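J.:
Protein chains in written order, with our numbering: chain A, 1 to 265; chain B, 266 to 530.
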């Protein structure tokens with residue numbers, strides 16, 4: 001049976017990244033796009049609960065063989081709506097991206113691109129979150145195109161009952177400069193915020209822009225996604241859909257928190 | 266030195282849950298509240314990147330000894346702003362909640378309450394996400410109050426260099442009915458969505474409300490958070506701040522994806 005591929009992104013359906021991804025995916029099966037009408041960058045795993053969602057069919061934007069819809073909802077809403085109201089069977093693959101800007105390390109938590117892939121995995125579907133190091137809408141996507149093809153072929157060839165959710169980051173380099181694809185783990189890091197203070201032009205009120213510097217806790221480690229990208233590899237990190245910290249759970253059960261002994265209050 | 270406790274939530278600063286939490290926390294140290302002015306339920310780990318944030322000091326709402334600020338930003342923005350622009354030292358504890366409605370299982374991904382606690386842990390601070398099973402703003406919070414006190418005392422007494430991030434869910438029962446606090450793992454589950462279709466009152470346009478039913482993949486397991494709550498325990502799950510799936514990473518490295526062999530394209 002022909003493969004069924006569901007595509008969304010968090011930059012909105014017009015972005016060059018998703019149009020590129022649609023062109024790649026068409027070589028591998030029937031493509032259905034359900035994408036947001038606007039950008040949801042930094043909106044993580046958001047769902048729209050407090051207002052309704054509008055969805056309309058999109059004609060004459062993507063190639064004719066692509067079934068496409070635009071939604072006022074988030075990337076997560078798009079995946080949910082596709083699975084429940086549009087697709088007649090479970091897709092073989094969810095693709096999210098190609099995002100303009102990287103989503104390595106803890107940015108995986110903030111990213112709508114990654115959130116959509118995780119939502120696919122929640123539903124038992126292999127998923128790829130695809131992000132490019134450059135924020136430039138005219139960035140060179142040649143390497144991303146080559147490596148996305150390889151990853152789609154790999155995903156379709158693996159024999160894994162549980163869904164695989166891969167967070168993929170492409171470095172901003174020419175294909176000839178690439179050292180290949182590297183399985184990695186997420187870099188331990190934090191954003192050191194700097195809120196830029198400005199004053200409203202029409203009234204004496206201060207406002208703040210959230211900006212910050214990324215601080216890498218382990219620049220020397222060679223098995224991280226950030227190291228891979230900085231060293232001309234495409235970084236591929238399998239993501240968990242279970243946020244439980246089992247190590248700490250075991251530690252707390254055996255010698256940490258004593259709460260287990262305070263049964264009845 | 267007096268403990269410094271930072272509090273936020275995702276229901277907005279007026280909610281009864283956060284007011285209750287402030288009253289509890291005052292017994293343990295100096296409390297600073299930086300909370301959203303409106304509800305951000307279901308907005309996960311969202312940050313505000315596309316517009317500025319307004320923050321103002323809040324007077325005469327919480328008790329006088331509480332330092333309080335209200336922000337137009339998300340719960341995550343609130344934590345970031347507090348750490349960078351308000352607090353003069355790193356707090357000893359981040360408290361998020363008490364949320365009106367539960368955040369067990371995969372709801373941890375969708376929840377702004379949990380997102381704020383994870384943001385605290387990113388910054389090296391012990392954090393508690395606190396959620397009550399009932400959505401009723403007038404729910405009985407007596408058990409939540411008792412157990413939150415125990416958990417704050419436990420957190421302050423543990424000797425763990427790495428920050429501990431606990432996702433806490435209180436059952437909607439009387440304290441006398443409680444069987445205690447139970448260390449658990451997140452339940453494997455999914456939301457089976459049902460989009461309710463309606464028509465706009467003023468124009469012939471359909472819209473959709475996102476609703477759904479929670480589907481538990483492992484109702485028989487006794488070590489899950491949902492089992493704990495349904496059996497009159499307060500569920501406590503340590504959360505990871507590293508989304509890497511190490512088991513799958515190892516599997517892919519050794520026998521799964523062959524991408525590691527395709528070094529140079």
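C-beta: ideal position from N, C-alpha, C; glycine also.
None of these values were measured; they are calculated from a predicted model.
Can you grab the Cα-Cα spacing for the pair residue 261 of chain A / residue 423 of chain B, in whole Å?
T.: Unreliable placement is indicated for residue 261 of chain A, whose pLDDT of 45 sits below 50; no coordinate value is reported for it.
J.: Does the beta carbon of residue 223 of chain B sit closer than 8 Å to a beta carbon anywhere in chain A?
T.: Given that chain B is displayed from residue 266 to residue 530, the structure contains no residue 223 of chain B and the question cannot be resolved.
J.: Would residue 481 of chain B and residue 519 of chain B qualify as a contact pair, given that the criterion is a beta-carbon distance under 8 Å?
T.: Result no, Cβ atoms of residue 481 of chain B and residue 519 of chain B do not sit closer than 8 Å.
J.: How many Å lie between residue 97 of chain A and residue 68 of chain A at the Cα?
T.: Taking the straight line from one Cα to the other gives about 15 Å.
J.: Measure from the C-beta of residue 368 of chain B to each C-beta in chain A and report whether the shortest distance is under 8 Å.
T.: No, its Cβ sits nowhere closer than 8 Å to a Cβ of chain A.
J.: Given a cut-off of 8 Å on the beta-carbon distance, is the pair residue 300 of chain B and residue 273 of chain B in contact?
T.: In this structure, residue 273 of chain B lies closer than 8 Å to residue 300 of chain B by Cβ.
J.: Where residue 388 of chain B and residue 166 of chain A are concerned, what is the direct C-alpha to C-alpha distance, given to the nearest angstrom?
T.: So the two alpha carbons sit approximately 25 Å from each other.
J.: What residue range does the alpha helix (DSSP H) around residue 15 of chain A cover?
T.: Premise fails: residue 15 of chain A is in no alpha helix (DSSP H) and is neither H nor E.
J.: Tell me, please, whether the CB atom of residue 89 of chain A is closer than 8 Å to any CB atom in chain B?
T.: No, because no Cβ of chain B sits closer than 8 Å to the Cβ of residue 89 of chain A.
J.: Got a sec: which bits of the region 213–236 of chain A sit with their beta carbon under 8 Å from any beta carbon on chain B, in order along the chain?
T.: Of all residues in the region 213–236 of chain A, 236 have a Cβ within less than 8 Å of some Cβ in chain B.
J.: Can you give me, in chain order, the residues of the region 241–255 of chain A that have a beta carbon less than 8 Å from any beta carbon in chain B?
T.: Hits within the stretch, in order: 241, 242, 243, 244, 245, 246, 248, 249, 251, 252, 253.
J.: Which of the three DSSP states, helix, strand or coil, is assigned to residue 349 of chain B?
T.: Note: residue 349 of chain B maps to helix in three-state DSSP.
J.: Could you tell me which of B:318, B:517, B:472 sits nearest to residue 72 of chain A, measuring between CA atoms?
T.: With distances taken between Cα atoms, residue 72 of chain A lies closest to B:472.
J.: Beta-carbon of residue 288 of chain B versus every beta-carbon of chain A: anything under 8 Å?
T.: Not an interface residue.
J.: Taking the alpha carbon of residue 238 of chain A as the point to measure from, which residue in A:62, A:191, A:126, A:144 has its own alpha carbon closest?
T.: Taking only the C-alpha atoms, the option nearest residue 238 of chain A is A:126.
J.: Skipping 5 residues on each side, what residues in its chain have a beta carbon closer than 7 Å to that of residue 249 of chain A?
T.: Closer than 7 Å at the Cβ level, and outside the excluded window around residue 249 of chain A, lies no residue.
J.: Can you grab the Cα-Cα spacing for the pair residue 454 of chain B / residue 371 of chain B, in whole Å?
T.: Distance between the alpha carbons of residue 454 of chain B and residue 371 of chain B is about 7 Å.
J.: Check whether the Cβ of residue 108 of chain A lies closer than 8 Å to any Cβ atom in chain B.
T.: Interface residue, yes.
J.: In or out: residue 342 of chain B buried (at least 16 other Cβ within 10 Å) or exposed?
T.: Buried: at least 16 other Cβ atoms inside 10 Å.
J.: By DSSP's criteria, residue 361 of chain B is part of a beta bridge. Which residues make up the other side?
T.: Answer is B:273, B:394, bridged to residue 361 of chain B.
J.: In terms of residues, what are the limits of the beta strand (DSSP E) holding residue 355 of chain B?
T.: It is not in any beta strand (DSSP E) - residue 355 of chain B carries neither H nor E in the DSSP assignment.
J.: Give the straight-line distance between the Cα atoms of residue 10 of chain A and residue 348 of chain B, rounded to the nearest whole angstrom.
T.: Their Cα atoms are separated by approximately 28 Å.
J.: State the Cα-Cα distance for the pair residue 488 of chain B and residue 418 of chain B, rounded to the nearest angstrom.
T.: Taking the straight line from one Cα to the other gives about 24 Å.
J.: Helix, strand or coil for residue 106 of chain A? Go by DSSP, reduced to three states.
T.: Three-state result, residue 106 of chain A: coil.
J.: Please list the partners that residue 41 of chain A has in chain B, where partner means a Cβ-to-Cβ separation under 8 Å.
T.: Going along chain B in sequence order, the residues near residue 41 of chain A (Cβ under 8 Å) are 314, 315.
J.: Got a sec: is the Cβ-Cβ distance from residue 326 of chain B to anything in chain A below 8 Å?
T.: Not closer than 8 Å to any Cβ of chain A, the Cβ of residue 326 of chain B fails to qualify, so no.
J.: Within the region 413–462 of chain B, note down every full beta strand (DSSP E) run reaching 3 residues or more, in order along the chain.
T.: The region 413–462 of chain B contains these whole beta strand (DSSP E) runs: 430–435, 445–448.
J.: Take the Cβ of residue 427 of chain B as the centre, count every other Cβ of all protein chains shown within 10 Å, and call the residue buried at 16 or more, exposed below.
T.: Answer is exposed; the Cβ neighbour count stays below 16.
J.: Measure from the C-beta of residue 28 of chain A to each C-beta in chain B and report whether the shortest distance is under 8 Å.
T.: No, its Cβ sits nowhere closer than 8 Å to a Cβ of chain B.
J.: Considering only the beta carbon of each residue, do residue 178 of chain A and residue 225 of chain A sit closer than 8 Å?
T.: Taking 8 Å as the Cβ cut-off, residue 178 of chain A and residue 225 of chain A do not qualify as a contacting pair.
J.: Bridge partners for residue 497 of chain B per DSSP, in chain order?
T.: Per DSSP, none; premise fails for residue 497 of chain B.
J.: Of all Cβ atoms in chain D, is any one closer than 8 Å to the Cβ of residue 405 of chain B?
T.: Here the protein chains are A and B, and chain D is not one of them.
J.: Mind checking residue 465 of chain B: buried by the 16 CB within 10 Å criterion, or exposed?
T.: Residue 465 of chain B is exposed by the Cβ-count criterion.
J.: Please return the same chain residues whose Cβ sits closer than 6 Å to the Cβ of residue 271 of chain B, not counting the five positions on each side in sequence.
T.: Correct list, in chain order: 297, 347, 356, 359.
J.: Could you tell me the distance, in whole angstroms, from the CA atom of residue 85 of chain A to the CA atom of residue 269 of chain B?
T.: Going by the C-alpha atoms only, they are around 48 Å apart.
J.: My understanding is that residue 228 of chain A touches residue 235 of chain A, with C-beta atoms under 8 Å, so please give their C-beta distance in whole angstroms.
T.: Confirmed, Cβ separation roughly 4 Å.
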